[in-house]
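Participant:
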Amino acid sequence: MGVPTIRGRLGAPPLGRLSPGEVDALRLVFRGSSVVDWFRLHFSELDEVDAFLRVNEFEPEDGTDMERLEDLHCRAVEYLREHLGYRRLLPEITTPGDVRRLFLLASERQKRKLRMQACMTLKVMHIVNYQEGHELLSRLPFSGAEVSILLRAKVERVVRGLLERKFPVVDFAGNSKTNDSILSKLLAKKDTQAARVLDKLRFRLVVDRTEDIPSLVMTLLDELVPFNYVVPNQSSNTLLEFDRLLQRAGNVDVTRVDKGSGLVNEAPENGLGNPQNEFSGPSYRVVSFVSEVPVRVDPVLPLEGRTVERLGRLVFGTVELQIVDQVSSERNESGENRHALYKARQRSRVKERLERGKRGPL
39 MGVPTIRGRL GAPPLGRLSP GEVDALRLVF RGSSVVDWFR LHFSELDEVD
89 AFLRVNEFEP EDGTDMERLE DLHCRAVEYL REHLGYRRLL PEITTPGDVR
139 RLFLLASERQ KRKLRMQACM TLKVMHIVNY QEGHELLSRL PFSGAEVSIL
189 LRAKVERVVR GLLERKFPVV DFAGNSKTND SILSKLLAKK DTQAARVLDK
239 LRFRLVVDRT EDIPSLVMTL LDELVPFNYV VPNQSSNTLL EFDRLLQRAG
289 NVDVTRVDKG SGLVNEAPEN GLGNPQNEFS GPSYRVVSFV SEVPVRVDPV
339 LPLEGRTVER LGRLVFGTVE LQIVDQVSSE RNESGENRHA LYKARQRSRV
389 KERLERGKRG PL
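Heads up: the sequence shown is residues 39 to 400, going by my numbering.
1. Counting only runs of 4+ residues fully inside the region 245 to 283, write out the alpha helix (DSSP H) ranges in chain order.
2. In the DSSP assignment, the alpha helix (DSSP H) including Pro58 goes from what residue to what residue?
3. Can you tell me which of Leu140, Phe77, Val263, Glu173 puts its alpha carbon nearest to the alpha carbon of Leu107?
4. Taking contact to mean 3 or more Cβ pairs, one atom from each stretch, closer than 8 Å, check whether the region 192 to 211 and the region 236 to 250 are in contact.
5. Is it right to say Lys192 is buried, meaning 16 or more other beta carbons lie within 10 angstroms of its own, or is it exposed?
6. Going by C-alpha distance, which of Glu184, Met104, Glu120 is nearest Pro134?
7. What number of angstroms, rounded off, separates the C-alpha of Gln155 from the C-alpha of Asp246?
8. Under a three-way DSSP split, which group does Thr159 fall into?
9. From the DSSP output, read off the bridge partner residues of Arg351.
10. For Gly59, which residues in the same chain have their Cβ closer than 6 Å to its Cβ, ignoring the five residues on either side in sequence?
11. Thinking C-beta only, is Val357 closer than 8 Å to Leu189?
12. According to the neighbour-count rule (16 or more other Cβ atoms, all chains shown, within 10 Å of its Cβ), is Leu392 buried or exposed?
13. Within the same chain, show all residues whose beta-carbon is closer than 7 Å to that of Arg113, passing over the 5 residues directly before and after it, in chain order.
14. With distances taken from CA atoms, which of Ala144, Ala382, Leu278, Arg69 is nearest Cys157?
15. Which partner residues of Gln169 appear in the DSSP bridge assignment?
16. Between Pro270 and Ser82, is the Cβ-Cβ spacing less than 8 Å?
17. In chain order, what residues of the same chain have a beta carbon less than 7 Å from the beta carbon of Gln33, not counting five sequence neighbours either side?
18. Might you give, ordered along the chain, the residues of its own chain that have their beta carbon closer than 7 Å to the beta carbon of Ser366, omitting 5 neighbours on each side?
19. Hey, Asp336 and Arg348: beta-carbon distance below 8 Å or not?
20. Taking the straight line between their C-alpha atoms, what separation do you get for Ala287 and Arg344?
21. Can you say whether Ala382 is buried or exposed, counting buried as having 16 or more other CB atoms within 10 angstroms of its CB?
22. Among Gly199, Gly355, Ser57, which residue has its Cα nearest to the Cα of Glu261?
23. Which class does Val362 belong to by DSSP, given the choice of helix, strand or coil?
24. Helix, strand or coil for Thr133? Go by DSSP, reduced to three states.
25. Give the single residue among Val362, Glu173, Tyr267, Gly171 whose Cα lies nearest to the Cα of Ser253.
26. With DSSP as the reference, please indicate the residues paired to Asp209 in a beta bridge.
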């Protein structure tokens, strides 16, 4: 597979008109919606499907990977028939064979029933694959710290490729939360008992201009974080107005129901995405989202002959990606936005909850 073209490389013209698939993928990132709510994909040829499979860590040329997809397909069909009662699934959906055809069927524009059933099947396959990835990790002599090492290597490899292709990334940093930071975050959350800390491993990318952010997001979705694993309701966009972004790109009709995923324009009144962290400064601006990133474990821990072989070759690690332009980054480090004040506000909330609980301040 050749080196992908970076659409927003330094000196390139502004982002052109976005395809329906690109609009839907960006909506997942900027609005924090869920791929399970989609009712259409946007693949027109097998090469596009193959590229999508590769970012999901499935190699179309690898017989074992394709057998894994076919197994997921068979189990998804069984679940739909036996558990949900879909007894009249179409033969195009149930017949074994090249699973890649399901992605083309899920992109059908004319045959609504066929498209719906293909989408349903792929959604079940997606969830089963994710669930078994976590089961695989729990059964292997493989720690979360080791997954983090693989994740860091994967992220750094992609960013290194960006820099080699002259993409205007002016700063890049990654870090892991300390145990004290995790404890403070859990204590500050209102839903402490059920809370998951989704940003233990974070990466921050600073680009030259605000206009470079959409191109960077699209590139990350193509090479690092599959759009189907963007975590719902964990996006924060206080930097870009999504509707205005679409209009600048030439996608002027953004008020009606989208022809792609079928999701309505669900932006808050301010035109931005989900609100920022409550402890951030009043003028803090960032685009951030959380993704479950698939990582292959077979290169470092061969699975052949193990009892867990049926669970596939993938595990998942959670990563938060923060993206900001250079000017906003500098503003984020000054005044009320400074990280030290963020931590101070968080500590104050933790102490208040520990001392007063729901009664509030004295």
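The beta carbon of each residue, even a glycine, is placed where N, CA and C say it ideally should be. The structure displayed is predicted, hence computed values, not measured ones.
Facilitator: Reading it off the structure:
1. 251 to 261
2. 58 to 69
3. Leu140
4. yes
5. buried
6. Met104
7. 43 Å
8. helix
9. In DSSP, Arg351 forms no bridge with anything.
10. His80
11. yes
12. exposed
13. Val166
14. Ala144
15. DSSP, once it has assigned bridges, lists no residue as partnering Gln169.
16. no
17. The structure shown does not extend to residue 33, since the chain spans only 39 to 400, so no value can be given for it.
18. Leu277, Arg323
19. no
20. 50 Å
21. exposed
22. Gly199
23. strand
24. coil
25. Val362
26. Val244
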